[in-house]
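Engineer: Dumping the structure here so I can ask a few things about it.
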Amino acid sequence: MSVRQAMLALLEQGPMYGYQLRAEFEDRTGSTWPLNVGQVYTTLSRLERDGLVEAAGTDEEGHALYRLTEQGRTELSAWFSTPVRRTQPPRDELAIKLALAVTITGVDVPAVIQAQRSATLRALQDYTRLKQGSREEGPPALAWSLVLDSLVFAAEAEIRWLDHCEARLARSAREHAASGAATGQGPAAGRHARPVTGGERR
Amino acid sequence: MTAVLDIRDLTRVHGAGAARVVALRGVSLTVAAGELVAVMGPSGSGKSTLLTIAGGLDSPTSGTVSVEGTDLGSLSRSALSALRRRSVGYVFQDFNLVPALTAAENVALPRELDGERPSRARAAAVAALEEVGIADLADRFPDDMSGGQQQRVAIARAVVGQRRLVLADEPTGALDTETGEQVLALLRGRCDAGTGGVLVTHEARHAAWADRVVFLRDGVVVDETRSDAAEVLLDARKR
Ligand SMILES: Nc1ncnc2c1ncn2[C@@H]1O[C@H](COP(=O)(O)OP(=O)(O)OP(=O)(O)O)[C@@H](O)[C@H]1O
Ligand SMILES: [Mg+2]
């Protein structure tokens, strides 16, 4: 996450001090990406070194304030006008885990998928509850609800992908069984094929 | 406290011989007052079968279903119909509206059959249509409405009055995301007010409104997101 650009964006509203920047950030993003004050001050001093912010005196309580420089403003507008890079997808542990699970014998892949689906759905339940709970108005509340929506959409996409993986694996297992076991038995049964079990008598 | 819906060891076999399909095998599910449970699973996993049996529209091959403590298997045909009209709201996957009746008449029908004065039944129907955002379509016939509008009439019919149990089969299938969310908020609201609800859905974002999500696969419950039982009990006590 880009703490640097976030600080510049917040300072666009006017001079602020470190704690205040952190509070403003969390007003908009909840504690989704927690930010410690140390991180804020380190970032501020780097931004000052690079000429993007400058000291702006102190407030009545003696907090050291920072404000955006002209150069900082230029950098900020460049950030907003440049799309976030998607060419190098971030390393995704789940995708890697499944990619490995399907190639290693002895892993119960459907169980891996179901465990993840349950966990992701539980997270989705939490986000939904948070969304219902936030009835505040105003721009920071709106920002926070958009961040929640982003988490909701990401979780939803992950579950959809897991459904897809499961269906794809089931199909591949059926094709495998059909090509292995079909000794003049005709084509593999259709979509609703179910295993023939003689075991149920209930 | 009695569960609004208590399903024990439910099995349902369709057909016989080569066409024999075991749609459900040994499914148990309890829904408390104030609880919304979502059921997810691939196509053909038995979700609609489970819901129709829970609503008394189909009978189990074995196992029991109780609604508010009454074993549906012990009821006469007419007692079962009365319980369905009074206590159970049902949203069908294919809406199931009466084409010869307007939206308001469709929604008012179960209450009128129950002997409520037509004017009162209509007022309640219009209020329910209002809640799903289509009060202006009260006098339209189903054939003159879009799929999403018909679906909302079906939802209004299921939640009108004081239903103790609402069973909804893919109630958001024909709706855009915004309207879908609105319908979920409505269902959630009913449950928060004490109704028990079961929601069948393919959409994770809609299932996420539930207190608990049950996963069906080939007629078996394979997994369930934990519900905070203590929280449910506390909520129930507050009422
Ligand atoms: N009346 C019936 N006669 C024979 N088989 C049936 C009947 N109703 C359902 N089935 C079978 O029972 C199984 C479960 O069907 P059900 O309609 O409950 O699935 P579902 O989970 O609701 O699927 P979908 O997501 O497609 O609506 C399927 O294999 C279906 O073909
Ligand atoms: Mg169905």
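In order, the protein sequences belong to chains L and S.
Take the position in the first sequence, starting the count at 1, then add 2; the result is the number in the numbering used here.
Take the position in the second sequence, starting the count at 1, then add 156; the result is the number in the numbering used here.
Backbone N, C-alpha and C define an ideal beta-carbon position, used for all residues, glycine too.
1. Are the region 318-325 of chain S and the region 91-101 of chain L touching, with three or more C-beta to C-beta distances below 8 Å?
2. Closer than 7 Å: is that where the CB of residue 249 (chain S) sits relative to any heavy atom of ligand 2?
3. By a C-beta neighbour count over all protein chains shown, 10 Å radius and 16 as the cutoff for buried, is residue 197 (chain S) buried or exposed?
4. Would you kindly check if the distance between the Cβ of residue 314 (chain S) and the Cβ of residue 246 (chain S) is under 8 Å?
5. Could you check what DSSP says for residue 56 (chain L) in three-state terms: helix, strand or coil?
6. Under the DSSP definition of a beta bridge, which residues are partnered with residue 163 (chain S)?
7. Just reading off the beta strand (DSSP E) that residue 412 (chain S) is part of, what are its end residues?
8. Three Cβ pairs or more, each shorter than 8 Å: is that satisfied between the region 189-204 of chain S and the region 354-368 of chain S?
9. Quick check: what's the CA-CA separation for residue 293 (chain S) versus residue 302 (chain S)?
10. Could you tell me which residues DSSP pairs with residue 66 (chain L) in its beta bridges?
11. List, in order along the chain, the chain S residues whose C-beta lies closer than 9 Å to that of residue 177 (chain L)?
12. For residue 374 (chain S), collect the residues of the same chain with a Cβ closer than 7 Å to its Cβ; drop the 5 residues on either side in sequence, then sort them by chain order.
13. Residue 379 (chain S) bridges to which residues according to DSSP?
14. Any Cβ of chain L within less than 8 Å of the Cβ of residue 361 (chain S)?
15. Using 7 Å as the cut-off, classify the Cβ of residue 177 (chain S) as near or not near the heavy atoms of ligand 1, replying yes or no.
16. Hey, is residue 381 (chain S)'s beta-carbon within less than 8 Å of any beta-carbon in chain L?
17. Quick check: is the beta carbon of residue 161 (chain S) nearer than 8 Å to any beta carbon in chain L?
18. Quick check: is the beta carbon of residue 387 (chain S) nearer than 8 Å to any beta carbon in chain L?
19. Report the residue from L:139, L:149, L:115, L:159 whose alpha carbon sits nearest the alpha carbon of residue 170 (chain L).
20. How do the region 275-295 of chain S and the region 256-267 of chain S stand: do at least 3 beta-carbon pairs fall below 8 Å, yes or no?
21. Terminal residues of the continuous alpha helix (DSSP H) containing residue 282 (chain S)?
22. Within 8 Å (strictly less), CB to CB, does residue 115 (chain L) reach chain S?
23. Listing by chain order, which chain S residues have their CB less than 8 Å from the CB of residue 130 (chain L)?
24. Can at least three beta-carbon pairs, one atom from the region 164-183 of chain L and one from the region 105-119 of chain L, be found at a separation below 8 Å?
25. Starting from residue 9 (chain L), trace the alpha helix (DSSP H) both ways and give me its first and last residue.
Structural biologist: Well, looking at it:
1. no
2. yes
3. buried
4. yes
5. strand
6. S:185, S:221
7. This structure gives no information on residue 412 (chain S), because the portion of chain S shown stretches from 157 to 395.
8. yes
9. 11 Å
10. L:60
11. Simply none; closest approach about 18 Å.
12. 201
13. S:371
14. yes
15. yes
16. yes
17. no
18. Any answer about residue 387 (chain S) is weak, because its pLDDT of 46 lies below 50 and its placement is not dependable; what the coordinates show is given next. It does not: the Cβ of residue 387 (chain S) has no partner Cβ on chain L nearer than 8 Å.
19. L:115
20. yes
21. 274-287
22. no
23. 361, 364, 365
24. yes
25. 5-13
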